[in-house]
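Everything on this sheet refers to the single structure shown next.
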Amino acid sequence: MSPPSLHTAGHVEAGPQDHAHDDEESHGSRKGYWVGFALSAVLTAIPFWLVMTLTLGKQATALLIMAFAAVQMVVHMIFFLHMNRRAEGGWSIMALLFTIVIVGIALSGSLWVMYHMNANMMPMQAASDMG
Numbered sequence: 311m312s313p314p315s316l317h318t319a320g321h322v323e324a325g326p327q328d329h330a331h332d333d334e335e336s337h338g339s340r341k342g343y344w345v346g347f348a349l350s351a352v353l354t355a356i357p358f359w360l361v362m363t364l365t366l367g368k369q370a371t372a373l374l375i376m377a378f379a380a381v382q383m384v385v386h387m388i389f390f391l392h393m394n395r396r397a398e399g400g401w402s403i404m405a406l407l408f409t410i411v412i413v414g415i416a417l418s419g420s421l422w423v424m425y426h427m428n429a430n431m432m433p434m435q436a437a438s439d440m441g
């Protein structure tokens with residue numbers, strides 16, 4: 311076995327054995343991708359069917375579509391993005407939780423501001439009387 315060769319930049323060239331991944335569970339299998347695809351297709355088809363057949367009321371349909379969307383996001387994160395507690399030492403889950411908290415704060419703050427701006431606006435009749 312010969313020693314590793316040096317490049318002109320001073321980096322050591324790694325051998326083919328150094329490119330093996332230690333965490334094989336982080337990579338998806340063909341079966342995992344097919345399961346994820348099947349779940350995604352079903353989670354898309356059911357809300358589509360609900361809208362096309364008008365089996366429920368508008369509010370119930372909208373809530374069910376949002377619930378199916380949330381479940382589908384989880385399916386995508388597990389089967390396609392390979393996010394779990396073991397991936398990258400748990401940092402990917404921490405980054406996801408941080409993102410969810412920041413988006414939640416931004417959305418709730420925006421809704422709070424818009425609600426109070428609407429509640430405190432001058433009515434149109436009073437505005438036209440002033441002008």
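In this note's numbering, the protein residues as written are 311 to 441. Heads up, the beta-carbon is just placed ideally off N, CA and C, and yes, glycines get one too. Just so you know, these numbers come straight off a predicted model, no measurement behind them.
With respect to the 7 Å criterion, L353 and F378 are classified as neighbours on the basis of their beta carbons. In this structure, DSSP gives M432 a state outside helix and strand, which the three-state scheme calls coil. In the same chain as F389, and ignoring 5 residues on each side of it, the C-beta atoms closer than 6 Å to its own belong to G342, G346, in chain order. Segment contact: the stretch 379-388 against the stretch 349-366, three or more CB-CB distances shorter than 8 Å; contact assigned.
At least 7 Å separates the beta-carbon of I403 from that of R396.
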